[in-house]
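A.B. asks: So in the numbering used here, spot 90 of the sequence shown is number 200, and the numbers just go up one at a time.
All C-beta atoms in this analysis are idealised placements derived from N, C-alpha and C, irrespective of residue type, glycine included.
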Amino acid sequence: MNTAIINSDSYEKHFTGDGHPEQPKRVIAIKDKLKKRNDLIWEKPKKVPEKILEMTHSKDYINYLKNSFPQKGLKFLDGDTVVSPSSKKAIFEAAGSTIRAVDGIENNQFKNAFCLARPPGHHAEKNKAMGFCCISNAGVAMNYLINKYNYKKIACVDFDVHWGNGNYDVMRDNENSLYISTHQYPFYPGGGTDKDKGDFNNSLNIPLPAGTNSEQYFNAFDRVLERLIQYKPEFLIFSAGFDAHKDDPLAQFQLSSKDFYEITKRTLFATKDFTQGKVISILEGGYDLNALAESANEHVNALVEFN
Ligand SMILES: [Zn+2]
111 MNTAIINSDS
121 YEKHFTGDGH
131 PEQPKRVIAI
141 KDKLKKRNDL
151 IWEKPKKVPE
161 KILEMTHSKD
171 YINYLKNSFP
181 QKGLKFLDGD
191 TVVSPSSKKA
201 IFEAAGSTIR
211 AVDGIENNQF
221 KNAFCLARPP
231 GHHAEKNKAM
241 GFCCISNAGV
251 AMNYLINKYN
261 YKKIACVDFD
271 VHWGNGNYDV
281 MRDNENSLYI
291 STHQYPFYPG
301 GGTDKDKGDF
311 NNSLNIPLPA
321 GTNSEQYFNA
331 FDRVLERLIQ
341 YKPEFLIFSA
351 GFDAHKDDPL
361 AQFQLSSKDF
371 YEITKRTLFA
381 TKDFTQGKVI
391 SILEGGYDLN
401 ALAESANEHV
411 NALVEFN
């Protein structure tokens, strides 16, 4: 079976203002790269059930978000989270990409999926937009897997260079989830130390210093793999940020594009006996367009190899 890419034109119309690093060209660069391949199937997002949004975020926050879009121009939801009139469709369709991905896997239409969507989601907390993010897309996927398909053990591996405080916030009190993150520390958004264990000892956070290179990263990543093997997840979610790349302008890790193939391959290899290869991946950060496209393509290489 194939790997699916879930994508919509709306992701290219979420305007964040000139010079904003979380820009439409990000998804265009990845799309241009992936469209050159002939081993992928392309699908559109589905609508997210309201119930799932409200399991992930507070009802008040969802209402606030729905009423936050300007008629024209830009609106700031926090210092760096910007929306414009067409952002509403993109934001809810980004969350909806995970619904399409999960349904496709459960209905045996494809083996695994990469949600080529923006805005990203891993900084969005239950009650707060933050860090370019409005909805925790990974949190939506997790709640949908639990609510619709009755999964009991879902692991989210977040290899974005920033700590996914939003993913942590929406997953920490859910005993059916395990949230794992590797990230630069001390760094934005703060937090993500070994003190953040989740309410059910269901989170593993591995802070690493600026300058972390490939060898140091993979030494630390062995702890991720050990924890996954111990946990035996039934379904895997990647929060796939590519800003740990050495060319990324927003952070100071030293990974290569090929390292994202390794991260993905090692994770899939460690979990395949438990998940039967059921995995969805959701785009998070990554701000150097060339590095982003190359790294995402390497990530997809491993998804294709394991399907
Ligand atoms: Zn990031």
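1. Can the beta-carbon of residue 116 be found closer than 8 Å to that of residue 227?
2. Would you say the segment 196-213 touches the segment 162-179, given that touching needs at least three Cβ pairs under 8 Å?
3. Run the CB neighbour count on residue 386, radius 10 Å, all protein chains shown included, and call it buried at 16 or more, exposed below.
4. Are residue 287 and residue 236 close, meaning C-beta to C-beta below 8 Å?
5. Hey, out of 356, 127, 335, 371, whose CA is closest to residue 184's CA?
6. Starting from the C-beta of residue 362, find all residues in its chain whose C-beta is less than 7 Å away, skip the five residues before and the five after it, and write them out in chain order.
7. Does the beta-carbon of residue 186 have 16 or more other beta-carbons within 10 angstroms, so that it is buried, or is it exposed?
8. Check residue 331 in the structure and name its three-state DSSP category.
9. Nearer than 7 Å: is that true of the beta carbon of residue 272 relative to any heavy atom of ligand 1?
10. When DSSP labels each residue in this structure, what does residue 405 get in the three-state scheme?
11. In chain order, what residues of the same chain lie with their CB nearer than 8 Å to the CB of residue 299, ignoring the 5 residues before and after it?
12. What residues in its chain sit with their C-beta under 7 Å from that of residue 262, if we drop five residues either side in the sequence?
13. With a Cβ-Cβ cutoff of 8 Å, do residue 269 and residue 303 count as a contact?
14. From the DSSP output, read off the bridge partner residues of residue 317.
15. Return the residue from the list 196, 189, 172, 209 that minimises the CA-CA distance to residue 182.
16. By DSSP's criteria, residue 393 is part of a beta bridge. Which residues make up the other side?
17. Does the Cβ of residue 383 lie closer than 7 Å to at least one heavy atom of ligand 1?
18. Which one of 413, 251, 277, 290 has the shortest CA to CA distance from residue 238?
19. Which of the three DSSP states is assigned to residue 285 in this structure?
20. Rounded to the nearest angstrom, how far is the Cβ of residue 257 from that of residue 166, given a contact under 8 Å?
21. Does DSSP put residue 169 in a helix, in a strand, or in coil?
22. Is it right to say residue 222 is buried, meaning 16 or more other beta carbons lie within 10 angstroms of its own, or is it exposed?
23. Is any heavy atom of ligand 1 found at a distance shorter than 7 Å from the C-beta of residue 276?
24. Check for me: the beta strand (DSSP E) holding residue 268 runs from which residue to which?
25. So residue 155 and residue 209 are supposed to be a Cβ contact under 8 Å. How far apart are they, rounded?
26. Is residue 394 near ligand 1, judged by its Cβ being under 7 Å from some heavy atom?
27. Relative to the C-alpha of residue 281, which residue among 172, 335, 249 is closest?
28. Taking residue 396 and residue 136 to be in contact with their CB atoms under 8 Å, please state how far apart those CB atoms are, rounded to whole angstroms.
29. In angstroms, rounded to a whole number, what distance separates the CA positions of residue 416 and residue 220?
C.D. replies: Judging by the given coordinates:
1. Your numbering for residue 116 matches position 6 in the sequence shown. Your numbering for residue 227 matches position 117 in the sequence shown. Taking 8 Å as the Cβ cut-off, residue 116 and residue 227 qualify as a contacting pair.
2. yes
3. Locating residue 386 in the sequence shown gives position 276, counting from the first residue. Exposed.
4. Within the sequence shown, residue 287 is the residue found at index 177, counting from 1. Within the sequence shown, residue 236 is the residue found at index 126, counting from 1. In this structure, residue 236 does not lie closer than 8 Å to residue 287 by Cβ.
5. Numbered from its first residue, the sequence shown carries residue 184 at position 74. Among 356, 127, 335, 371, the Cα nearest to that of residue 184 is on 127.
6. Your numbering for residue 362 matches position 252 in the sequence shown. Contacts found: 294, 320, 321.
7. As a first step, residue 186 must be located in the sequence shown, where it is residue number 76. That one is exposed.
8. Taking the sequence shown and counting its residues from 1, one reaches residue 331 at position 221. DSSP places residue 331 in helix when its eight states are reduced to three.
9. As a first step, residue 272 must be located in the sequence shown, where it is residue number 162. Residue 272 Cβ: within cutoff of ligand 1.
10. For the purposes of this step, residue 405 is taken as the residue at position 295 of the sequence shown. Three-state DSSP puts residue 405 in a helix.
11. Walking along the sequence shown from the start, residue 299 turns up at place 189. Counting only Cβ-Cβ distances below 8 Å, and skipping sequence neighbours, we find 233, 240, 241, 272, 273, 275.
12. Here residue 262 corresponds to residue number 152 of the sequence shown, with the count starting at 1. The answer, listed in chain order, is 286, 344.
13. Locating residue 269 in the sequence shown gives position 159, where the first residue counts as 1. Locating residue 303 in the sequence shown gives position 193, where the first residue counts as 1. Taking 8 Å as the Cβ cut-off, residue 269 and residue 303 do not qualify as a contacting pair.
14. Along the sequence shown, read from residue 1 onward, the residue named residue 317 stands at position 207. Partner(s): 293.
15. The count along the sequence shown starts at 1 and reaches residue 182 at position 72. It is 196.
16. Your numbering for residue 393 matches position 283 in the sequence shown. DSSP output for residue 393 lists 350 as bridge partner(s).
17. For this step, residue 383 is matched to residue 273 along the sequence shown. No, the beta carbon of residue 383 sits no closer than 7 Å to any heavy atom of ligand 1.
18. The count along the sequence shown starts at 1 and reaches residue 238 at position 128. It is 277 whose Cα lies nearest to the Cα of residue 238.
19. Numbered from its first residue, the sequence shown carries residue 285 at position 175. Coil, per DSSP.
20. Taking the first residue of the sequence shown as position 1, residue 257 is located at position 147. Taking the first residue of the sequence shown as position 1, residue 166 is located at position 56. That pair is no contact at about 10 Å.
21. The residue you call residue 169 lines up with position 59 of the sequence shown. DSSP places residue 169 in helix when its eight states are reduced to three.
22. Sequence index remark: in the sequence shown, residue 222 carries index 112 (1-based). Label assigned to residue 222: buried.
23. Working through the sequence shown from its first residue, we reach residue 276 at position 166. Result no, Cβ not under 7 Å from ligand 1.
24. Along the sequence shown, read from residue 1 onward, the residue named residue 268 stands at position 158. It spans 264-268 - the beta strand (DSSP E) in which residue 268 sits, taken as one unbroken run.
25. By 1-based counting over the sequence shown, the position of residue 155 is 45. By 1-based counting over the sequence shown, the position of residue 209 is 99. Going by Cβ atoms, the distance from residue 155 to residue 209 rounds to 7 Å, so yes, they are a contact pair.
26. One-based indexing of the sequence shown puts residue 394 at position 284. For ligand 1, at least one heavy atom lies less than 7 Å from the Cβ of residue 394.
27. For the purposes of this step, residue 281 is identified with residue 171 of the sequence shown, where counting begins at 1. Out of 172, 335, 249, 249 has the C-alpha closest to the C-alpha of residue 281.
28. In the sequence shown, counting from the first residue as 1, residue 396 sits at position 286. In the sequence shown, counting from the first residue as 1, residue 136 sits at position 26. Yes, residue 396 and residue 136 are in contact; Cβ-Cβ is about 7 Å, under 8 Å.
29. Taking the sequence shown and counting its residues from 1, the one referred to as residue 416 is at position 306. Taking the sequence shown and counting its residues from 1, the one referred to as residue 220 is at position 110. Those two C-alpha atoms are separated by around 12 Å.
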